[in-house]
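Numbering of the sequence shown is given in the numbering used here, commencing with residue 8 and proceeding in unit increments.
Inspection log for the structure reproduced underneath, given as structure tokens.
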Amino acid sequence: MQRIAVIGFGSMGSLYSDILCSGDVRNGALHGICTRGGDKVSLIRQRYPGATIYESEEDLFADSDAYDAVLITTPHKKHFGTAMKALESGLDVLSEKPLCASIGEGLKLADAADVASGRIAVMLNWRFRDVFRKAKAIVDSGRLGHITHAVWIANFWYRTSYYHHLSPWRSTWDGEGGGLALNQMQHIYSIWEWLFGCPDRVISSVRYGKFSNISVDDSFEAILMHKDGLDGVIVASTGESPGSNHLEIHGSLGKLVIDGNNILLDSNEVDSSIFMETASVTTGIPFRESQETAADNSGRGEYIEALNEFCDALESGTPFVSPVTAGITCLRISAAIYLSSYLGKAVQLDDLSLYDSFIEEKLKEERKG
């Protein structure tokens, strides 16, 4: 049984604490919660009477022999330092997304995990949704043939000004390190990499404060290009309602469409590349259509699955579904989207050396008001 300490007690910290106390996690239980003093301490005592309360990270890590893993739910820029302390203390780590605020920090965490006794995973919870698990099974089976295009409209992240200004650190370069492309879209990048692998190049157009009075981005369009010939398009915003969460994947053997929890699969009777060269007609490949509705386990259900997988992997030593490398790839994609728009050209994901200069410029602009 993995004894877990939750670090941070905001909306996500309280959700994870509830789940760990519910009995829904097979090999995990809540040991304690680390939060600053105040009203939250009395609330924790009432809600989780058996949990140990730590009012500082110093107290938490001084007691590291009492538990096995930490679950980090603090603001983004604190993830790296906390995760590093945990690894150095011999603890396993599950970090909320994004893994940290920069690729360099992510690589340092990966290196630290290689020499530490602890392991690190990222809370990329969409990988535990039934609809995307079914999509991955279809893609991995080869039923779509050679994948040539993917289009994802992800403008369903509608956020009000109240949300953006709920905390001083939220929706700022100084507090979060970015906006939509770094924050909400980690989920989309996670599934993209899971299905298709890491893109090779990105070209993008990013808008800052298009819908709300914020300094970070709230809208972008990006083309993700892969070495195997797959070209993908992502359209995203936090200012349009009602929005869409719509993914289309096109391959030589058919098309897969995901809209919410609905899955549409059109399967060609002949590979399109073969039909193109051998057919004596101008167009039209016969295909079969099938539809399916995946179970809706979004929200609490997917977090239960994610925590079960994390604890089971720690118990058995098996690989994580959302390892630290996936978190680093998500950071690479977000950095490439920002940098491409900043430079006005396509950028390679293995050459993001100018990203720090971009961030420094955005921080200076924000501090000037």
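Glycine included, every Cβ here is placed at the ideal spot set by N, Cα and C.
These numbers were taken from a predicted model, which means no experiment stands behind them.
**Message:** Which residue wins for smallest C-alpha separation from W201, given the options L314, T336, H86 and S96?
**Reply:** Against the sequence shown, residue 201 aligns to sequence position 194. The shortest C-alpha to C-alpha distance from W201 to any of L314, T336, H86 and S96 is the one to T336.
**Item:** Cβ pair count under 8 Å reaching 3, the region 31–43 against the region 306–319
**Value:** By the Cβ criterion, the region 31–43 is in contact with the region 306–319, since at least three pairs of Cβ atoms, one from each stretch, lie closer than 8 Å.
**Prompt:** Between which two residues does the alpha helix (DSSP H) harbouring K47 extend?
**Reply:** Looking up residue 47 in the sequence shown gives position 40. Looking at the DSSP string, the run of the alpha helix (DSSP H) that includes K47 is D46 to R54.
**Request:** Alpha carbon to alpha carbon, how far is S109 from I366? Give it in angstroms, no decimals.
**Result:** Mapped onto the sequence shown, residue 366 falls at position 359. Mapped onto the sequence shown, residue 109 falls at position 102. In this model, I366 and S109 are separated by some 10 Å (Cα to Cα).
**Request:** Using alpha carbons as the reference points, say which of P326, F68 and G204 lies closest to G88.
**Result:** Position 81 of the sequence shown, counted from the first residue, corresponds to residue 88. Looking only at P326, F68 and G204, the smallest Cα-Cα distance to G88 is reached by F68.
**Prompt:** Shortest alpha-carbon distance to P82 belongs to which of K47, V122, W133 and W180?
**Reply:** Counting from one through the sequence shown, the residue named residue 82 turns up at place 75. The option with the nearest alpha carbon to P82 is W180.
**Request:** From the DSSP output, in three-state form, read off D147 for me.
**Result:** Translated into the one-based positions of the sequence shown, residue 147 becomes position 140. In the three-state reduction of the DSSP assignment, D147 falls in the helix class.
**Asked** Since V242 is in the beta strand (DSSP E), which residue starts that stretch and which ends it?
**Response** Residue mapping note: residue 242 aligns to position 235 of the sequence shown, counting from 1. Residues D238 to S244.
**Asked** Mapping DSSP to helix, strand and coil, what is A120?
**Response** Along the sequence shown, read from residue 1 onward, the residue named residue 120 stands at position 113. Note: A120 maps to helix in three-state DSSP.
**Prompt:** Enumerated in chain order, which unbroken segments of the beta strand (DSSP E) with a length of 3 residues or greater are wholly contained in the region 288–355?
**Reply:** 294–300, all fully within the region 288–355.
**Asked** Does DSSP put R214 in a helix, in a strand, or in coil?
**Response** Along the sequence shown, read from residue 1 onward, the residue named residue 214 stands at position 207. Correct three-state label for R214: strand.
**Request:** Determine the contact status of W159 and L271, defining contact as a CB-CB distance below 7 Å.
**Result:** In the sequence shown, counting from the first residue as 1, residue 159 sits at position 152. In the sequence shown, counting from the first residue as 1, residue 271 sits at position 264. No, the Cβ-Cβ distance between W159 and L271 is not below 7 Å.
**Asked** What number of angstroms, rounded off, separates the C-alpha of G57 from the C-alpha of S124?
**Response** Locating residue 57 in the sequence shown gives position 50, counting from the first residue. Locating residue 124 in the sequence shown gives position 117, counting from the first residue. Straight-line Cα distance between these residues: approximately 28 Å.
**Asked** Taking the beta strand (DSSP E) that L22 falls in, what are its first and last residues?
**Response** To locate residue 22, count along the sequence shown from 1; it is residue 15. Element bounds for L22: not the beta strand (DSSP E) but the alpha helix (DSSP H), S18 to S29.
**Asked** Ordered along the chain, which non-local residues of its own chain (more than five positions away) have a Cβ less than 6 Å from that of V240?
**Response** Within the sequence shown, numbered from 1, the residue matching residue 240 stands at position 233. Contacts found: V158 and I230.
**Prompt:** Per DSSP, what kind of secondary structure is W180 in: helix, strand or coil?
**Reply:** To locate residue 180, count along the sequence shown from 1; it is residue 173. Residue state for W180 is assigned as coil, using DSSP reduced to three classes.
**Request:** Could you say if the region 124–135 and the region 97–112 meet the contact criterion of at least three C-beta pairs nearer than 8 Å?
**Result:** Proximity of the region 124–135 to the region 97–112 meets the contact definition, three or more beta-carbon pairs being nearer than 8 Å.
**Request:** Spatial neighbours of S168 within its chain, please: CB distance less than 6 Å, with the 5 preceding and 5 following residues excluded, ordered by chain position.
**Result:** As a position in the sequence shown, residue 168 is number 161, starting the count at 1. The residues S219, in chain order, have a CB closer than 6 Å to that of S168 in the same chain once the five nearest residues on each side in sequence are set aside.
**Item:** 8 Å contact criterion, which F227 and I344 should meet: CB distance rounded
**Value:** If you number the sequence shown from 1, residue 227 lands on position 220. If you number the sequence shown from 1, residue 344 lands on position 337. Indeed, because the Cβ distance is near 6 Å, the residues count as touching under 8 Å.
**Item:** DSSP-derived helix/strand/coil call for S197
**Value:** The sequence position of residue 197 within the sequence shown is 190, counting from 1. Three-state DSSP puts S197 in a helix.
**Message:** As a quick exercise: from V13, I26 and A90, pick the residue whose alpha carbon is nearest that of I386.
**Reply:** Here the chain covers residues 8 to 376 and nothing more, so residue 386 does not appear.
**Prompt:** Pick from S287, E65, T245 and L173: whose alpha carbon is nearest that of L187?
**Reply:** The count along the sequence shown starts at 1 and reaches residue 187 at position 180. Among S287, E65, T245 and L173, the Cα nearest to that of L187 is on T245.
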